[in-house]
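Asker: Numbering (the numbering used here), first residue to last: 689 to 1154.
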Amino acid sequence: MADIGLVGLGTMGAALALNIADNGYSVAVYNRTGSVTTDFVAGAGDLAGRLTACTSLKELTQAVDGPRSIILMVPAGAPVDAMIDALRPELSEGDLIIDAGNANFRETMRRAEASKGTPVKFLGIGVSGGEEGARRGPSIMGGGDRDGWARVEPVLKAISAKFEGTPCATWMGPDGAGHFVKTVHNGIEYADMQMIAEVYGIMRDGMGMGSDAVSEVFEGWNQGPLASYLIEISAIVAGTADSVTGKPLLDVILDTAGQKGTGRWTAIEALHLGAPATAIEAAVAARNLSSRLDERKTGETLFGVASGRIDASSISIDELETGLLAGKIACYAQGFGLLSAASDEFNWSLPLPEVARVWRAGCIIRSAMLDDMATALAENPEENLMFAPTFTERLRASHGALRRVVAAAALAGRPVPALAAALSYFDTMRSARGTANMIQGQRDYFGRHGFERIDGGSGHHGPWAD
Ligand code: 6PG
């Protein structure tokens, strides 16, 4: 009998099944198209002995040892509901369904609620790391039934990435907690990628650097405080030549970015929760605007493309690195603030230091800085990450560079929406006296909404109220 079942042999599902088998567990696999299943097992080489090809859900459930654990790796949304409905009649008391796709956490909450009082337990887990991660060690953010998690924890820890020997697989909380953490991971991923794209734009358009030179810069940065998977792959992407034209590959890739929705969900939830994640919102908007190529062409015809240069007297490559670091810290502060707000709203008790810990390896946003974030959050999980001494120190030393980067880009006509959002967030959060007194005055003027006075009391009105 197989230790575990897995439904859905797309790129991620197939990689995950091989990873589980590689770790000594036997897996019964099923894909809607039967030939995909048989081909997959036939091509699994040494691991084929631990894989059982099943041609129906009945066969799959009969092949898995009870109480059964079945992983779903099918596209998020309706296919997950359809698969759960199809599986349920084949399952019995204590069996466990694990949705390991990129589900919207609200759907996971609905599914978790629907499973209550039924014989079948439900888990929603976020899996990050792309195909390579799924095959060799992803970061896993669990959510849902705690006993169910305890049952599959040894398998998930075994297949997960390890940071200095510690598995990157943790139960984050009940119902949608795991998928929410994964969603915020992806939101941060969007902002991280966007900020890197913005500094690339400054180097390309403002400083006139070619892709190879940009690649070298990123390679250098990957040895310093910005060391991360995304900087590493940016160096590789920038340094790769197009096999057709021989030009730098970046120069032949169309500048319109795709998206599947997780970044947008993060921005939507940030708005719902009143926990602004402006760098992430800016990154989502930038992807949307990137796809409006025709409109951008019209704009360029009307206004002319910006031609401002950014020379070494305005900012240096080192300042660009330092500015990016500051932007990144502010962005993560927003991400963890959002997690904290969601934790309160949904009573999840999210373990924020654990979130930072499981992101240290395996996932797309893995970076050297996440270990320091885990330490800072362990000391004070409630506080804004920017106020943790180690990050306060780093921001004191780096926000000037971010300011110069954003200013130089603005003067040269180069858009840096995520970096600018991060800077504005930083400046807002260090201003004890803001400008919302004007908003309150306006609201009171047109709607008698009342305001608080700085010398005390609420419900005051201006003379216009009379
Ligand atoms: C990961 C990635 C992964 C996937 C995203 C990309 O953590 O492994 O985030 O989940 O790459 O779905 O999403 P977009 O297509 O929206 O960029």
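We put the CB at the ideal spot given by N, CA and C, even for glycine.
Would Leu-697 pass as a contact of Phe-728 if the rule is Cβ separation under 8 angstroms?
Answerer: The sequence position of residue 697 within the sequence shown is 9, counting from 1. The sequence position of residue 728 within the sequence shown is 40, counting from 1. Their beta carbons are under 8 angstroms apart, which means Leu-697 touches Phe-728 by this criterion.
Asker: Suppose you measure from the CA of His-867 to the CA of Ser-816; what does that come to, to the nearest Å?
Answerer: Here the question's residue 867 lines up with position 179 in the sequence shown. Here the question's residue 816 lines up with position 128 in the sequence shown. Taking the straight line joining both Cα atoms gives about 11 angstroms.
Asker: So, for Arg-1136: in the same chain, excluding its five sequence neighbours on each side, which residues have a beta-carbon less than 7 angstroms away from its beta-carbon?
Answerer: Taking the first residue of the sequence shown as position 1, residue 1136 is located at position 448. Here the set comprises His-1149, Ala-1153.
Asker: Would you kindly report the start and end of the unbroken alpha helix (DSSP H) that includes Met-883?
Answerer: Position 195 of the sequence shown, counted from the first residue, corresponds to residue 883. Residues 865-889.
Asker: What did DSSP end up calling Ile-758 once you bin it into helix, strand or coil?
Answerer: Here residue 758 refers to the residue found at position 70 when the sequence shown is read from its first residue. Here Ile-758 sits in strand by DSSP.
Asker: Taking just the CA atoms, how far does Ala-822 sit from Gly-712?
Answerer: Within the sequence shown, numbered from 1, the residue matching residue 712 stands at position 24. Within the sequence shown, numbered from 1, the residue matching residue 822 stands at position 134. C-alpha separation (whole angstroms): 16 angstroms.
Asker: Just the C-alpha distance for Gln-1128 and Gly-1122, rounded to the nearest angstrom, thanks.
Answerer: Sequence index remark: in the sequence shown, residue 1128 carries index 440 (1-based). Sequence index remark: in the sequence shown, residue 1122 carries index 434 (1-based). If I take the Cα positions, the gap works out to 12 angstroms.
Asker: Output the boundary residues of the beta strand (DSSP E) element that contains Gly-701.
Answerer: Here residue 701 refers to the residue found at position 13 when the sequence shown is read from its first residue. Careful: Gly-701 lies outside any beta strand (DSSP E), inside the alpha helix (DSSP H) at 699-710.
Asker: Between which residues of its own chain and Arg-1141 is the CB-CB distance below 6 angstroms, once the five residues before and five after are set aside?
Answerer: Residue 1141 sits at position 453 when you count from the first residue of the sequence shown. For Arg-1141, where only same-chain residues beyond five positions count, the Cβ hits under 6 angstroms are His-1148.
Asker: Taking Gly-996 as the reference, give the member of Ala-1062, Ala-923, Ile-941, Gly-894 with the closest Cα.
Answerer: Indexing the sequence shown from 1 puts residue 996 at position 308. Answer by Cα proximity: Gly-894.
Asker: Select from Glu-1042, Met-883, Gly-832 the residue whose C-alpha is nearest the C-alpha of Val-972.
Answerer: If you number the sequence shown from 1, residue 972 lands on position 284. Here the closest residue by C-alpha is Met-883.
Asker: Would you tell me roughly how many angstroms separate the C-alpha atoms of Gly-962 and Gly-722, rounded to the nearest one?
Answerer: Taking the sequence shown and counting its residues from 1, the one referred to as residue 962 is at position 274. Taking the sequence shown and counting its residues from 1, the one referred to as residue 722 is at position 34. Rounded to the nearest angstrom, the two C-alpha atoms are 47 angstroms apart.
Asker: Is the region 1088-1100 touching the region 992-1011 in the sense that three or more CB pairs, one from each, lie closer than 8 angstroms?
Answerer: Flag = yes, the region 992-1011 and the region 1088-1100 touch.
Asker: Round the Cβ separation of Met-700 and Met-761 to the nearest angstrom and send it over; I've been treating them as touching at under 8 angstroms.
Answerer: For this step, residue 700 is matched to residue 12 along the sequence shown. For this step, residue 761 is matched to residue 73 along the sequence shown. The pair is a contact, with the Cβ atoms about 6 angstroms apart (cut-off 8 angstroms).
Asker: Work out the CA separation of Pro-826 and Asn-707 for me, nearest whole Å.
Answerer: Residue 707 sits at position 19 when you count from the first residue of the sequence shown. Residue 826 sits at position 138 when you count from the first residue of the sequence shown. Cα to Cα, Asn-707 sits roughly 10 angstroms from Pro-826.
Asker: Give me, in chain order, the residues of the same chain whose beta-carbon lies closer than 6 angstroms to that of Arg-738; leave out the 5 immediate sequence neighbours on both sides.
Answerer: As a first step, residue 738 must be located in the sequence shown, where it is residue number 50. Ala-709, Ser-714, listed in sequence order.
Asker: According to DSSP, Thr-806 sits in a beta bridge with which residue or residues?
Answerer: As a first step, residue 806 is located in the sequence shown; it is residue number 118 there, counting from the start. In the DSSP output, where bridge partners are listed per residue, Thr-806 has none listed.
Asker: With respect to the alpha helix (DSSP H) encompassing Leu-977, which residues constitute its N-terminal and C-terminal limits?
Answerer: Taking the first residue of the sequence shown as position 1, residue 977 is located at position 289. Unbroken alpha helix (DSSP H) run through Leu-977: 966-978.
Asker: Take Ala-929 as the anchor and find which of Ile-921, Asp-900, Thr-950, Arg-952 has the nearest alpha-carbon.
Answerer: As a working note, residue 929 is residue 241 in the sequence shown. The option with the nearest alpha carbon to Ala-929 is Asp-900.
Asker: Contact check, His-873 vs Gly-814 under 8 angstroms by CB: the rounded distance?
Answerer: Within the sequence shown, the letter at position 185 stands for residue 873. Within the sequence shown, the letter at position 126 stands for residue 814. Between Gly-814 and His-873 the Cβ distance is about 7 angstroms, and since that is below 8 angstroms, they are a contact.
Asker: Measuring alpha carbon to alpha carbon, tell me which of Gly-782, Ala-764, Arg-794, Ala-788 ends up nearest Glu-808.
Answerer: For the purposes of this step, residue 808 is taken as the residue at position 120 of the sequence shown. According to the sequence shown, residue 808 is Val rather than Glu. Among Gly-782, Ala-764, Arg-794, Ala-788, the Cα nearest to that of Val-808 is on Gly-782.
Asker: Reducing DSSP to helix, strand and coil, say where Cys-742 ends up.
Answerer: Counted from its first residue, the sequence shown places residue 742 at position 54. It is a strand residue.
Asker: Would you tell me roughly how many angstroms separate the C-alpha atoms of Leu-1111 and Leu-1065, rounded to the nearest one?
Answerer: Here the question's residue 1111 lines up with position 423 in the sequence shown. Here the question's residue 1065 lines up with position 377 in the sequence shown. The straight-line gap from Cα to Cα measures roughly 22 angstroms.
Asker: Would you be able to state if there are at least three C-beta pairs under 8 angstroms between the region 1009-1026 and the region 974-983?
Answerer: The answer is no - the region 1009-1026 does not touch the region 974-983, with fewer than three Cβ pairs under 8 angstroms.
Asker: Are Pro-1039 and Met-829 close, meaning C-beta to C-beta below 8 angstroms?
Answerer: Translated into the one-based positions of the sequence shown, residue 1039 becomes position 351. Translated into the one-based positions of the sequence shown, residue 829 becomes position 141. Contact: no.
Asker: Considering only DSSP beta bridges, list what Phe-728 is partnered with.
Answerer: Here residue 728 corresponds to residue number 40 of the sequence shown, with the count starting at 1. Phe-728 pairs with nothing; no bridge assigned.
Asker: My guess is that Pro-862 and Gly-836 are in contact by the Cβ rule of under 8 angstroms, so how many angstroms apart are they, rounded?
Answerer: Taking the first residue of the sequence shown as position 1, residue 862 is located at position 174. Taking the first residue of the sequence shown as position 1, residue 836 is located at position 148. Not confirmed; about 11 angstroms, so no contact.
Asker: Output the boundary residues of the alpha helix (DSSP H) element that contains Ala-945.
Answerer: Translated into the one-based positions of the sequence shown, residue 945 becomes position 257. Looking at the DSSP string, Ala-945 is not in any alpha helix (DSSP H), and its letter there is neither H nor E.
Asker: I need the DSSP call for Leu-1038, collapsed to helix, strand or coil.
Answerer: For the purposes of this step, residue 1038 is identified with residue 350 of the sequence shown, where counting begins at 1. DSSP places Leu-1038 in coil when its eight states are reduced to three.
Asker: Is Asn-874 near the ligand 6PG, with its Cβ less than 7 angstroms from a heavy atom?
Answerer: Along the sequence shown, one-based indexing puts residue 874 at 186. For the ligand 6PG, at least one heavy atom lies less than 7 angstroms from the Cβ of Asn-874.
Asker: Go to Ile-692, then tell me how far its beta strand (DSSP E) extends in each direction, as first and last residue.
Answerer: As a working note, residue 692 is residue 4 in the sequence shown. Ile-692 -> beta strand (DSSP E) spans 692-695.
Asker: Could you give the C-beta distance for Ile-890 and Arg-1102, rounded to a whole number, given that I count them as a contact under 8 angstroms?
Answerer: Translated into positions along the sequence shown, residue 890 becomes position 202. Translated into positions along the sequence shown, residue 1102 becomes position 414. Yes, Ile-890 and Arg-1102 are in contact; Cβ-Cβ is about 6 angstroms, under 8 angstroms.
Asker: Could you tell me whether any non-hydrogen atom of the ligand FMN is closer than 7 angstroms to the CB of Asn-976?
Answerer: Absence of the ligand FMN from the depicted structure is noted, with the ligand 6PG being the only ligands included.
Asker: Rank Gly-805, Thr-806, Gly-812 by C-alpha distance to the C-alpha of Glu-795 and give the top, closest one.
Answerer: Walking along the sequence shown from the start, residue 795 turns up at place 107. It is Gly-812 whose Cα lies nearest to the Cα of Glu-795.
Asker: Excluding the five sequence neighbours on either side, which residues of its own chain have a C-beta within less than 8 angstroms of the C-beta of Met-881, listed in chain order?
Answerer: Counting from 1 along the sequence shown, the entry for residue 881 is found at position 193. Excluding sequence neighbours, Met-881 sits near Leu-918, Ala-971.
Asker: Let me check understanding here. Comparing Cα to Cα, which of Phe-1114, Ile-1003, Gly-1138, Asp-1115 lies closest to Asn-1125?
Answerer: For this step, residue 1125 is matched to residue 437 along the sequence shown. Among Phe-1114, Ile-1003, Gly-1138, Asp-1115, the Cα nearest to that of Asn-1125 belongs to Gly-1138.
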